[in-house]
Amino acid sequence: MSFHIILLSMKIRASIIKFLILLFLPFFLWQCSEDALVDDLSNSNLNIDTLVVSEIFGENYMVAPNIGSNERLYLGTKHGIDAPLSFIRILTPIPHSYDSSFVIDSLRFILYTDDSSLSTNSIPNLFYFPDSQFDENKSTYLDYGDFSLSDWLYLGQPSVRSVTDTTDTSSSFTHTELVWNIDSLKQSLTDTLDSILVRSFAIQLANNDSNYIEIFSEEASQGQRDPKILMYYRQNITSDDSTVIDTNFVTIYSNGDLSIIDPSNVEPPYDQLGLSNGLGLRSVLNISFNAGSLPENSIIRSGNLIMNADTSLTPAVYNIIIDPLNSDSSVVDSITIYDTDPYDAIGYPYRVSTDAENWVYTFQIKNILQNISLGNETNIGFKLVANEKNDPFESAWFSIQSETRPRIEIIYVTN
Numbered sequence: 001m002s003f004h005i006i007l008l009s010m011k012i013r014a015s016i017i018k019f020l021i022l023l024f025l026p027f028f029l030w031q032c033s034e035d036a037l038v039d040d041l042s043n044s045n046l047n048i049d050t051l052v053v054s055e056i057f058g059e060n061y062m063v064a065p066n067i068g069s070n071e072r073l074y075l076g077t078k079h080g081i082d083a084p085l086s087f088i089r090i091l092t093p094i095p096h097s098y099d100s101s102f103v104i105d106s107l108r109f110i111l112y113t114d115d116s117s118l119s120t121n122s123i124p125n126l127f128y129f130p131d132s133q134f135d136e137n138k139s140t141y142l143d144y145g146d147f148s149l150s151d152w153l154y155l156g157q158p159s160v161r162s163v164t165d166t167t168d169t170s171s172s173f174t175h176t177e178l179v180w181n182i183d184s185l186k187q188s189l190t191d192t193l194d195s196i197l198v199r200s201f202a203i204q205l206a207n208n209d210s211n212y213i214e215i216f217s218e219e220a221s222q223g224q225r226d227p228k229i230l231m232y233y234r235q236n237i238t239s240d241d242s243t244v245i246d247t248n249f250v251t252i253y254s255n256g257d258l259s260i261i262d263p264s265n266v267e268p269p270y271d272q273l274g275l276s277n278g279l280g281l282r283s284v285l286n287i288s289f290n291a292g293s294l295p296e297n298s299i300i301r302s303g304n305l306i307m308n309a310d311t312s313l314t315p316a317v318y319n320i321i322i323d324p325l326n327s328d329s330s331v332v333d334s335i336t337i338y339d340t341d342p343y344d345a346i347g348y349p350y351r352v353s354t355d356a357e358n359w360v361y362t363f364q365i366k367n368i369l370q371n372i373s374l375g376n377e378t379n380i381g382f383k384l385v386a387n388e389k390n391d392p393f394e395s396a397w398f399s400i401q402s403e404t405r406p407r408i409e410i411i412y413v414t415n
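Heads up: the sequence shown begins at 1 in my numbering, then just goes up one per residue.
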């Protein structure tokens, strides 16, 4: 009996609390909204103004192209740019090769492409060399002026296998596998006496002038379509006085690859700013903006560099990066082909990348402009480069002479 009385009392008490909350909630909300309106946000001493900076001058410069971080390997010629050969590195030796119970049955070197209609002329030849022959992050065509594969072991052309999606009722094409029999390399690939343990493969087209192929590099996937070696093996496993022969395979992935890109047969136009990874073309901008360009203590609400691309020469999808310079390189010219980029940029947090919208690039550079106006940074120029993931055979072009020349539009607040 007492339990029911206590329960009833608790229900009555909860109802009273709920009633009081509903009664005073509108009052509290009204008070909160009144408090939010007490502060005067419309200070009559603040003014919003705009500034357009059109004094922007640009110049091209060239860096020998290195596309080691690209998601494709390239062979052949496209848009005048030549990719004469590609390198692939295998760092580790074949595992377990020192185990006498371990017998290698076969070795297969595999590359992947999304080309479904390869001809005999567009299938690459494979070569092998037992030592390292390239630096994925530094090697360029300038390092291979007199390079020859004559000392490399020729492994021929691959067998070609077209792969379809078996889970799809229409059996749609997914990719093509290029498979080489490399059983002849068993001894070289299982050599554990070599302390460097670097093995180099190279691919090259028999006719580079009229053919072209793209192959997945190690950056393209998480292993599914990386260049690789498949090792099929047998191993004797002894247990409880019985021996079982285990047959299986091991995957050995590449740990570096690089296509050599040679743009020396292309002469880019010099009346436009150009950006291209394949041409090694980059640009530097000099923008007339400094600490005195805005009234003192101005706060920039938005600051955008706007550049109109040449629609006849620039692809619709092409990512571009802008980065303020960290050091002056006034000696840089547009004729020399540099081994490495002569311009040192600040990077984070000012480095900005963007895609175009209807061939118009809008770079939001408010942060660097604000710090220049406050005297925290010095404006010594900006570097423009093509994103490393762009197709190296494509390029972006901008006019600096026409009515659509680059400009900066700034909206700022001042006292």
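Glycine is no exception: its CB is placed at the ideal position from the N, C-alpha and C atoms.
Using a Cβ distance threshold of 8 Å, S132 and V198 count as a contacting pair. Between Q187 and the set I123, L107, T238, T251, the nearest pair of CA atoms involves L107.
Secondary structure of D143 (DSSP, three-state): helix. Going by C-alpha positions, L258 is about 45 Å away from I411.
Judged by beta-carbon spacing, D339 lies beyond the 8 Å limit of P84, meaning their Cβ atoms are not closer than that value. Per DSSP, the beta-bridge partners of Y154 are F127.
By the criterion of a C-beta distance shorter than 7 Å, N415 is surrounded in its chain by N45, L46, N297, once the five residues flanking it on both sides are discounted.
DSSP places Q364 inside the beta strand (DSSP E), whose first and last residues are 360–364. Just so you know, the alpha carbons of G256 and K138 end up roughly 12 Å apart.
Taking the Cα positions, K228 is about 36 Å away from P342. Only exposed fits F249, as fewer than 16 other CB atoms lie within 10 angstroms of its CB. Contact check for L111 against L205 fails: the beta carbons are separated by 8 Å or more.
Here DSSP, grouped into helix, strand and coil, assigns D135 to coil. Residues I411 of the same chain have their beta carbon placed closer than 6 Å to that of T50, with the five preceding and five following residues left out of the count. Here N236 carries a strand assignment [DSSP, helix/strand/coil]. Secondary structure at N387: coil, using DSSP grouped into helix, strand and coil.
About 6 Å separates the beta carbon of L118 from that of T176, a gap short enough to meet the 8 Å contact definition.
Secondary structure of T164 (DSSP, three-state): strand. When the five nearest sequence neighbours on each side are left out, the beta carbons in the same chain lying within less than 7 Å of the beta carbon of D310 are those of Q272, W397, F398, S399, in order along the chain.
With 16 or more neighbouring CB atoms inside 10 Å of its own CB, Y141 falls in the buried class.
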